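Chemist:
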Amino acid sequence: MNKYDVAVIGGGVLGCFAARELCRYELNTVLIEAREDVCTGISRANTAIVYSGYDTAPNTLKTEMCLRANESCHLLCAELGVKFKRCGSLMISLGERGDKVLRKKYEQGLENGVPDLKLLSGEEVCALEKGLTDKVTLGLLCPGTGTVNPWEVCIAAYENALHNGLHSRLGEKVLSIEKPDEGYALQTDKGEIFAKAIVNCGGLYSAEVREMCHRPEVRIFPKRGDYLIFDKSEGNVLSRVIFHEPEEKGKGLTAVPTVDGNLLVGPSELPLDGEWDFATTEEGMDFLMSLCEEILPSLNRDKLIRSFGAIRPNPFHVTEKPDGSYEREKRGINSFTILSDDEGAFLSLIGIKTPGLTCSHELGEYISAKIAEKLNAEKKESFDPIRPAPISLAKASAEERKKAAEANPLYGRIVCRCAGISEGEVVDAIARGAKTLDGVKRRAGTGMGRCQGGFCSTRIMEILARELGVSLSEISKDGGESFVAGGCCHE
Ligand SMILES: Cc1cc2nc3c(=O)[nH]c(=O)nc-3n(C[C@H](O)[C@H](O)[C@H](O)COP(=O)(O)OP(=O)(O)OC[C@H]3O[C@@H](n4cnc5c(N)ncnc54)[C@H](O)[C@@H]3O)c2cc1C
């Protein structure tokens, strides 16, 4: 049972889509993920934007994929039963330098073939988005930009892959890879796995995974980012995604009215010198708050309900020095880095940044077609692209809720008061693979409201313990050692 045609390493959005697309072929595919769940890495913490394609250089794979992905995103989201909002975006500037950048992006967008782009005067921008500062001098309107919930997208792709025959090995870390005469032997912390081909989607650790059996070529030198989430009461401050091009070179504000009704602001950009953790920084959050004050003066900044940290997996080419160490080139890599080793049997997606979420399905298609060609695999007629949306009662009518509760009383017992989520939905989330509080949150949406889990966390922990048959002290917030009750729970 540990012999496969293809091993996908990494259960982020890229690994899950690569796995889903590989399931379209007559290939025995396994996904190996070090953590207890999918969507716990970079894919968990990003800006959730479906980009339109005006921001990237013409005639590149990135732009080509982004245009295609944007055009068809509503269809993909419908197939996968996840939310998608084509809210449009406005890039704004507040002076000469920014205006110049916007005009350049406009020209680039036209060259790329992005539909319906329009330059607007400051007054026109402020008439469209009343929450913005009146100091705006120019706007670039792009109706095609959209937003999704990245957790939903990643988990839905994974579930659809499972439905189509994917084997999954969660909580299993690949430690080394050897290349015998044929295929690969992967040593994990649980045993040995054999695969004819490897798709390396290790995110922050993708270069490390590749170097388990290949010479270094590209390495990741990450940076930090911080995000702020404002309560749903502030979700209407904007109706479009805002990209602010600052007058000083550096990061401006990005603000997203999310599919769940909140306002998401960020990311900041800061160095990451120490551990590669997802911690937030005071400096980054202060920076975002000051940008909010400048660009979104009507935003009630007291309505901040959460902050979270992100890590940018910046890839750089490296060259070997005479002493055997590796030196990075000065400029980072801007294009999607897809390295092909062993004549296409070992493919690595290294440090895929924005718009990686937007293009995750396209990247999955691209990779799976290459692997299928390498392994001479035919398309599988039985592939079913549909993943039905899970039951979500918060937006259901009173009649629908009543019916659901009659069929199963757990749907009538609300556990998350802010978002109106029932015990039945929590139990469903656990049955679908959630093992932690955040795993439930990413599937059912609990703990995302104003109280941020203050009221519901203990109840969800009890449900998790009951459904998983473990003790309360074994329930963690987000895997690893993040136990919630450890040390203070006497059972
Ligand atoms: C700050 C930020 C904002 C972004 N915003 C956007 C946006 O708005 N729109 C957009 O289109 N894109 C955006 N992106 C890009 C997008 O988020 C990424 O391209 C995408 O999430 C990368 O996913 P991944 O699967 O490569 O990585 P990850 O999600 O990190 O997944 C990699 C997985 O590999 C696993 N792994 C690693 N090593 C091993 C091993 N040895 N054994 C087993 N498993 C292993 C890890 O545990 C992890 O789960 C953003 C990126 C960043 C950083």
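Residue numbering for the sequence shown follows our numbering, beginning at 2 and increasing consecutively.
Where is the CB? At the ideal position from N, CA and C, for every residue including glycine.
What you are looking at is a predicted structure, and each value in this text was computed from that prediction instead of being measured.
#1: Any contact between the stretch 288-304 and the stretch 223-240? By contact I mean 3 or more CB pairs, one from each, below 8 Å.
#2: Would you say the beta carbon of residue 221 comes nearer than 8 Å to a heavy atom of ligand 1?
#3: Just confirm the distance between the C-beta atoms of residue 222 and residue 315, as a whole number of angstroms; I'd bet it's less than 8 Å.
#4: Does the beta-carbon distance from residue 187 to residue 196 come in below 9 Å?
#5: Write down every uninterrupted run of the beta strand (DSSP E) in the stretch 145-210 whose length is 3 residues or greater and which is fully enclosed by it, in chain order.
#6: How far does the alpha helix (DSSP H) with residue 331 in it reach, from first residue to last?
#7: To which residues does DSSP link residue 8 through a beta bridge?
#8: Going by C-alpha distance, which of 170, 204, 203 is nearest residue 193?
#9: Using the rule of at least 16 other Cβ atoms within 10 Å of the residue's Cβ for burial, across every protein chain shown, is residue 429 buried or exposed?
#10: DSSP three-state call for residue 255: helix, strand or coil?
#11: Run the CB neighbour count on residue 492, radius 10 Å, all protein chains shown included, and call it buried at 16 or more, exposed below.
#12: Given 8 Å as the limit, is there contact between the stretch 144-159 and the stretch 124-134, that is, 3 or more CB pairs closer than that?
#13: List the DSSP bridge partners of residue 119.
#14: So what does DSSP say about residue 226, is it helix, strand or coil?
#15: Of all the alpha helix (DSSP H) runs that stay within the bounds of the stretch 375-449, which reach a length of 4 or more residues?
#16: Would you identify the three-state DSSP class for residue 320, choosing helix, strand or coil?
#17: With DSSP collapsed to three states, give me the class of residue 275.
#18: Kindly indicate which residue of 306, 85, 367 has the alpha-carbon position closest to the one of residue 453.
#19: To the nearest angstrom, how far is the alpha carbon of residue 141 from that of residue 95?
#20: Hey, is residue 272 close to ligand 1, as in C-beta under 8 Å from one of its heavy atoms?
#21: Can you tell me whether residue 253 sits near ligand 1, meaning its C-beta is under 8 Å from at least one heavy atom of the ligand?
#22: Quick check on the burial criterion: 16 or more other C-beta atoms within 10 angstroms. Buried or exposed for residue 482?
#23: From the DSSP output, in three-state form, read off residue 286 for me.
#24: May I have the straight-line CA-CA distance separating residue 19 from residue 67, to the nearest angstrom?
#25: Expressed to the nearest angstrom, what Euclidean distance is found between the alpha-carbon atoms of residue 209 and residue 179?
#26: Quick one: is the Cβ of residue 381 within less than 8 Å of any heavy atom of ligand 1?
#27: For residue 104 versus residue 144, is the C-beta spacing smaller than 9 Å?
#28: Can you give me the Cβ contacts of residue 163 inside the same chain, cut-off strictly under 8 Å, excluding the 5 residues immediately before and after it?
#29: Going by CA-CA distance only, name the one from 282, 248, 29, 401 that's closest to residue 224.
#30: Taking residue 99 as part of the alpha helix (DSSP H), name the residues at either end of that continuous run.
#31: With residue 466 as the anchor, note down where its alpha helix (DSSP H) starts and where it stops.
#32: For residue 13, which three-state DSSP category applies?
#33: Return the CA-CA distance between residue 5 and residue 365, expressed in angstroms with no decimal places.
#34: Please classify residue 485: is it buried, with 16 or more other beta-carbons within 10 angstroms of its beta-carbon, or exposed?
Modeler: According to the data block:
#1: yes
#2: no
#3: 5 Å
#4: yes
#5: 147-149, 168-171, 175-179, 185-189, 192-201
#6: Careful: residue 331 lies outside any alpha helix (DSSP H) and carries neither H nor E.
#7: 31, 199
#8: 170
#9: buried
#10: strand
#11: Residue placement at residue 492 is poorly supported in this model, since its pLDDT is 48, which falls under 50; the coordinates still yield a value, given next. When all chains shown are included, residue 492 counts as exposed.
#12: no
#13: 142
#14: strand
#15: 399-408, 424-432, 438-445
#16: strand
#17: coil
#18: 306
#19: 12 Å
#20: no
#21: no
#22: exposed
#23: helix
#24: 16 Å
#25: 14 Å
#26: no
#27: no
#28: 169
#29: 282
#30: 97-113
#31: 458-469
#32: coil
#33: 18 Å
#34: buried
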